[in-house]
Amino acid sequence: MDEQKKQDASQTSLPVETPQQETPQQLRKSAKKYLRAKRWYKASEEYMKLLDYDAHDIDAMLGLSLTLDATEHYESLLLVTQRLLTLEPNSAPGLAYRARALQKLARLSEATIANDQALLLDTKLGLAWVNRSGLQLLQKRYPEALRSAQRAVLLAPKDARAWANLGISLFNFNRTSEALEAFDKSLALDEDQMVALQIKTEIFCRIGRMRDVIPLVKRALLLNPLDTMTLTQGIQAYRTLEMYKEMKEYARHLITLQPENIFALEHLMRAHRGLGEFAEANETLDRLLALDGSNVRFWTLKADTTYRLERYREAVAIAERARNIDPEYAPANRIYERSLRLMYQRKDKHKSNPAQS
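Start counting the sequence shown at 1; every next residue gets the next number (the numbering used here).
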């Protein structure tokens, strides 16, 4: 009876289906779908599978190059383009991607040669014009960079880098409003375009639009929390807006990255003072003076901070040191006189009330 049940069960059990392998056509379609969605790593996986099917698939190599460029894997991009150009030496896109990798790896002469070859093969290749404008900016050839960037946005209007390069080029000629328009177009295409975020923030800092700086700084720090330029811009904005708590946070962050950054230490000190934390400000001033002991402003601020801690005798001595550095520095003279006056007032008070001393 048990044997019969086993036979019946074996006859009624469903066959196990093995998953069907995707065809190259399916993989290619899937890869392009992921590219449109900017899911770079998924697209990269599909192109790698295509290359497993056919190691000579030029289209897959170009697709893989695009994803490696987008994810900033430039060493890998260089290897892929070397393989591609071995198979198809006159591939203009292959040369342009190779130039891209070389540029990002700071091999500018080789990048220029590869990119020039790409443009000889295809004068309307948008990526090559983006590369050329970027290389010219790095070489400080600003008039040529502007012309190349203008060409790039005509040929590749949906490339955020093209608009970012145009913005930088315009900014170098003090064409601020046009530069901002270019950066806005860049960020509309790619909200994570770091260069556009940084330079747009710099423009807003210069023209005093500090409240507009804050969201840009926050966005940039989400992309790169270690970016010292962005931290510096945020500190400047928070100081102008007298947002001392946030300024203290950013200054501390910058000090962890650059412990001897005088700008960061000064603004940490100023944040402490703005929050009424004078003991902490005094400690930070000691660090500043260890780095720059001849700075009359720092000695004067230390005298003022010590004064606020009601250590008047010490404040007098510190203010005197500031006056020795620059006898004409009015703030040092003022804090010296105030501290001296209160020091004597305290002395007189103690003399008249000896029981309190």
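Just so you know, even glycine gets a beta-carbon here, dropped at the ideal spot from N, CA and C.
Just checking my contact of residue i with residue j at CB under 8 Å: how many whole Å lie between their CB atoms?
{"i": "Glu144", "j": "Gln150", "result": "So it is not a contact: roughly 11 Å between Cβ atoms."}
{"i": "Ala279", "j": "Leu301", "result": "The Cβ separation is near 14 Å, so there is no contact."}
{"i": "Ser186", "j": "Trp163", "result": "4 Å"}
{"i": "Met210", "j": "Thr176", "result": "The pair is not a contact, with the Cβ atoms about 16 Å apart (cut-off 8 Å)."}
Run through DSSP, which three-state label would residue i get?
{"i": "Gly208", "result": "coil"}
{"i": "Phe173", "result": "coil"}
{"i": "His253", "result": "helix"}
{"i": "Arg147", "result": "helix"}
{"i": "Tyr329", "result": "coil"}
{"i": "Asn295", "result": "coil"}
{"i": "Asn131", "result": "helix"}
{"i": "Gln136", "result": "helix"}
{"i": "Ala55", "result": "coil"}
{"i": "His359", "result": "No statement about residue 359 is possible, as the shown extent of the chain runs from 1 to 357 and does not include it."}
Evaluate residue i with the Cβ neighbour count: other Cβ atoms within 10 Å of its Cβ, from every protein chain shown; 16 or more gives buried, anything less gives exposed.
{"i": "His56", "result": "exposed"}
{"i": "Leu79", "result": "exposed"}
{"i": "Gly208", "result": "exposed"}
{"i": "Ser10", "result": "Because Ser10 sits at a pLDDT of 49, beneath the cut-off of 50, its placement in the model cannot be relied upon, and the following sentence gives the value as read from the coordinates. So Ser10 ends up on the exposed side."}
{"i": "Pro225", "result": "exposed"}
{"i": "Glu266", "result": "buried"}
{"i": "Ser109", "result": "exposed"}
Looking at the unbroken alpha helix (DSSP H) that takes in residue i, where does it start and where does it end?
{"i": "Glu181", "result": "176-189"}
{"i": "Arg98", "result": "92-104"}
{"i": "Lys360", "result": "Outside the displayed range of the chain (1 to 357) lies residue 360, so it cannot be described from this structure."}
{"i": "Arg36", "result": "24-36"}
{"i": "Arg323", "result": "312-325"}
{"i": "Ala118", "result": "108-121"}
{"i": "Leu64", "result": "58-70"}
{"i": "Gly276", "result": "Note, Gly276: premise wrong, no alpha helix (DSSP H); not H, not E."}
Cα separation between residue i and residue j?
{"i": "Tyr142", "j": "Ser169", "result": "6 Å"}
{"i": "Arg321", "j": "Asn165", "result": "50 Å"}
{"i": "Lys49", "j": "Cys205", "result": "48 Å"}
{"i": "Leu254", "j": "Leu119", "result": "42 Å"}
{"i": "Asn282", "j": "Ala271", "result": "12 Å"}
{"i": "Tyr250", "j": "Leu231", "result": "6 Å"}
{"i": "Thr86", "j": "Asp159", "result": "28 Å"}
{"i": "Arg107", "j": "Asp69", "result": "16 Å"}
{"i": "Leu342", "j": "Leu285", "result": "23 Å"}
{"i": "Ala152", "j": "Ile262", "result": "40 Å"}
{"i": "Tyr74", "j": "Arg323", "result": "55 Å"}
{"i": "Ser91", "j": "Leu66", "result": "14 Å"}
{"i": "Glu45", "j": "Glu277", "result": "54 Å"}
{"i": "Leu77", "j": "Ala114", "result": "14 Å"}
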